[in-house]
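Contents: one structure, followed by commentary.
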Amino acid sequence: MSFNPSDLGWIAPFLILAITGMLLVLAEAFFKGKDHTALVNLTVAGSLAAGVAAILMYRKLGATEVVPIFADAKSGAMLVADRLGCVLTALFAFTAAFVALITPAHQREHSWKIGEFYGILLLSTAGMVILAQAASLVTVFLGIETMSIGVYVMCAMRRTSRRSNEAAMKYFIVGAFATGFLMYGMALIYGASGTLSLLNMQAALAKTANPGLVIAGGFLLVVAFGFKVAAVPFHMWAPDAYDGAPTPVTAYMAAGVKAAAIAGMIRVFGMALGGDIIPYGTLGWASPLVVIAGITITVGNLSAVRQDNIKRILAYSSISHAGVLLVGISAMGLGSATAQSSIVYYLIAYSAATIGVFAVVSFVGSKGRERLLVDDWAGLAAQHPGVALAMTICLLSFGGIPPTGGFFGKFYLFKSAMDVYNGQLLWVVVVGVVNSAISIYYYLRIVTAMYFRESTQPIEVTKSPGLMFVIAFMPLLVLELGIMPGWWLKLIG
63 MSFNPSDLGW IAPFLILAIT GMLLVLAEAF FKGKDHTALV NLTVAGSLAA
113 GVAAILMYRK LGATEVVPIF ADAKSGAMLV ADRLGCVLTA LFAFTAAFVA
163 LITPAHQREH SWKIGEFYGI LLLSTAGMVI LAQAASLVTV FLGIETMSIG
213 VYVMCAMRRT SRRSNEAAMK YFIVGAFATG FLMYGMALIY GASGTLSLLN
263 MQAALAKTAN PGLVIAGGFL LVVAFGFKVA AVPFHMWAPD AYDGAPTPVT
313 AYMAAGVKAA AIAGMIRVFG MALGGDIIPY GTLGWASPLV VIAGITITVG
363 NLSAVRQDNI KRILAYSSIS HAGVLLVGIS AMGLGSATAQ SSIVYYLIAY
413 SAATIGVFAV VSFVGSKGRE RLLVDDWAGL AAQHPGVALA MTICLLSFGG
463 IPPTGGFFGK FYLFKSAMDV YNGQLLWVVV VGVVNSAISI YYYLRIVTAM
513 YFRESTQPIE VTKSPGLMFV IAFMPLLVLE LGIMPGWWLK LIG
């Protein structure tokens with residue numbers, strides 16, 4: 063790897079997040095007082111600065127321009143700057159900003175005022191940015207582990223909660239297990255290709271003398287990323303982790319971590335393991351991934367139908383959405399020209415709705431009673447009509463109801479899957495459409511409780527200016543994504 067000072071400009075979002083995160087951790091060590099408002103403001107400022115830097119990079123790059131970063135002739139580039147990476151980086155940075163805004167009220171109400179949270183949040187987001195710009199198996203691994211270690215810690219931030227400690231332990235153990243699959247799969251792929259560069263790997267694997275290593279390595283990578291996105295049958299940690307973690311951390315896991323893992327899959331499976339040879343056939347990685355996608359969509363939805371806990375419903379819903387995204391990854395690997403832009407659009411719409419939903423969950427939960435059961439939400443529309451409307455819009459987006467971003471996200475993603483040669487993915491598109499109809503049932507259970515049931519007592523809520531801003535902004539963004547999908551797709555490219 064060679065160093066060029068100009069490369070620092072292309073990793074400005076990462077540097078902003080990493081430096082701000084370290085400053086926040088140090089600031090907490092010398093911080094006096096119980097009010098962490100200053101730390102929150104610095105977190106939001108750092109996240110927004112990183113997002114703006116990504117936008118400026120996007121404007122500087124051409125539509126198909128790819129700039130290698132930290133590159134030499136022997137090992138290739140460690141990172142790349144392209145418009146895909148810029149859009150994903152901006153998504154991760156703004157996700158961190160919105161999560162930071164909803165956190166102080168929850169910390170105050172549920173007694174876990176830990177200032178280190180904000181530094182760890184940004185350092186974990188810096189790992190996501192590495193994944194967004196990864197051009198080597200080394201940087202993919204570094205990005206995943208930097209992101210994951212921070213999330214393990216954030217899950218356990220409510221030290222007095224047994225559920226939080228249990229969630230963190232389960233997530234950590236499963237995450238460590240997945241890391242083993244990831245490392246072994248990468249080792250086999252490297253052995254077959256002789257290169258760590260994702261840019262050069264497709265050509266090297268197409269003429270490899272060790273196809274068995276390619277098959278085994280591809281399968282192990284499918285398993286590793288399956289754990290990260292909570293795909294069936296690697297999903298068992300997700301409901302407990304989502305339920306036990308503090309609600310802002312759950313929002314970050316559902317919106318940020320899942321999107322970052324998909325970003326890694328775009329780089330690995332789309333850039334390095336795609337093409338005309340590697341994904342195809344009964345032993346190619348696309349075959350098991352498509353089957354996993356179909357099972358994940360179905361199991362996630364059917365499991366959510368049986369739940370009464372809001373966070374567990376959203377956990378299984380997130381599993382189902384992971385299956386939909388895996389359909390897009392399969393379509394991308396099998397040559398669909400529109401799959402990449404459809405995946406990124408879906409991630410933006412899904413992240414916006416997810417943050418909005420968990421912001422409302424934080425609003426409804428007060429000290430001593432988080433109101434996590436569906437029945438606890440009875441009468442919310444009568445007492446807080448604006449919040450109930452925001453929750454409804456985000457849930458309808460999850461279900462794929464027009465004119466929300468979720469509808470067009472599923473439409474474009476399934477359309478890209480149908481464009482694959484010879485209708486190979488048609489069956490999983492049918493599975494996805496049928497399950498989208500099933501999902502409406504458990505989303506409308508929550509809506510029905512809010513609008514058509516009466517509460518026997520006033521609903522005590524948790525408020526803060528940042529939380530109320532997120533609750534108001536996210537439904538508007540979801541609707542804007544649905545009203546102007548063409549503008550977003552053109553932006554994504």
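With the numbering used here, you'll find the sequence shown wraps up at 555, consecutive numbering, no jumps.
Idealized CB from N, CA, C, for every residue including glycine.
As the structure is a prediction and not an experimental result, all values here were calculated from the model.
In the same chain as Gly397, and ignoring 5 residues on each side of it, the C-beta atoms closer than 7 angstroms to its own belong to Val482, Tyr483, in chain order.
Judged by pairs of C-beta atoms under 8 angstroms, the segment 189 to 196 touches the segment 143 to 154, as three or more such pairs exist.
For the pair of segments examined, the segment 209 to 222 was found to touch the segment 293 to 311: the number of CB pairs separated by less than 8 angstroms reaches three. Excluding the 5 residues flanking it on each side, Thr208 has same chain C-beta neighbours closer than 6 angstroms at Gly189, in chain order. The C-alpha of Gly108 is placed about 16 angstroms away from the C-alpha of Gly71. Linking Gly468 to Gly461 through their CA atoms gives a straight-line distance of about 7 angstroms.
In the three-state reduction of the DSSP assignment, Leu487 falls in the coil class, being assigned neither a helical nor a strand state.
In the structure shown, Asn497 adopts helical secondary structure according to DSSP, grouped into three states. Around the beta carbon of Glu127, a 10 Å sphere encloses fewer than 16 other beta carbons of the protein chains shown; the residue is thus reported as exposed. Ser392 and Ala238 have their alpha carbons spaced roughly 26 angstroms apart. Note on geometry: alpha-carbon atoms of Tyr378 and Phe287 lie some 17 angstroms from one another. Under the three-state reduction of DSSP output, Asp144 falls in the coil class, being neither helix nor strand. Following the DSSP letters along the chain, one finds Ala443 inside the alpha helix (DSSP H) bounded by residues 442 to 445. Counting the other Cβ atoms within 10 Å of the Cβ of Glu516 gives fewer than 16, which makes it exposed.
Around the beta carbon of Pro527, a 10 Å sphere encloses fewer than 16 other beta carbons of the protein chains shown; the residue is thus reported as exposed. Closest option to Ala317, judged by alpha-carbon separation, among Leu551, Val419, Gly395: Val419.
By the CB criterion at 7 angstroms, Phe243 and Leu282 fall inside the cutoff. The residues Leu275, Ala278, Gly279, in chain order, have a CB closer than 6 angstroms to that of Leu250 in the same chain once the five nearest residues on each side in sequence are set aside. Between Gly471 and Ala411, the gap from beta carbon to beta carbon is short of 7 angstroms. Sequence-distant partners of Ala401 (beyond 5 residues in either direction) whose C-beta falls short of 6 angstroms from its own C-beta, in its chain, are Gly390, Ala393, Met394, Ser478. The residue from Arg431, Thr360, Val330, Val426 with its alpha-carbon nearest to that of Val200 is Val330.
Taking all protein chains shown into account, Val367 has fewer than 16 neighbouring C-beta atoms within 10 Å of its C-beta and is therefore exposed. Short of 7 angstroms from the beta carbon of Ala355, and not among the five residues preceding or following it, lie these beta carbons of its own chain, in chain order: Gly385, Leu388, Val389, Ser392, Val490. Between Ser413 and Thr309, the C-beta spacing is not below 7 angstroms. In this structure, the beta-carbon distance from Ser382 to Leu475 does not fall below 7 angstroms.
Between Glu178 and Val87 the beta-carbon gap is near 6 angstroms, inside 8 angstroms, which marks them as a contact. Burial state of Ala74 is buried, judged by a 10 Å Cβ sphere holding 16 or more other Cβ atoms.
For the options Gly555, Val496, Trp299, Leu457, the alpha carbon positioned closest to that of Thr510 is the one of Leu457. Across the structure, Ala80 and Met245 are spaced so that their CA atoms are roughly 24 angstroms apart. For Asn262, same chain residues with a beta-carbon under 7 angstroms away, outside a window of 5 residues either side, are Gly138 in chain order. The three-state secondary structure of Pro308, taken from DSSP, is coil. Setting aside the 5 residues that flank it on each side, Asp370 is surrounded in the same chain by Leu435, Val436, each with a C-beta closer than 7 angstroms to its C-beta; the list follows chain order. Taking all protein chains in view, the Cβ of Lys290 is crowded by 16 or more other Cβ atoms within 10 Å, so the residue is classified as buried.
When DSSP assignments are scanned along the segment 138 to 211, the uninterrupted stretches of alpha helix (DSSP H) that are 4 or more residues long and fall wholly within it turn out to be 145 to 172, 178 to 194.
Annotation: Asp69 to Val142 spans about 10 angstroms, alpha carbon to alpha carbon. Within the segment 364 to 447, the complete alpha helix (DSSP H) runs of at least 4 residues fall at 372 to 395, 401 to 426, 442 to 445.
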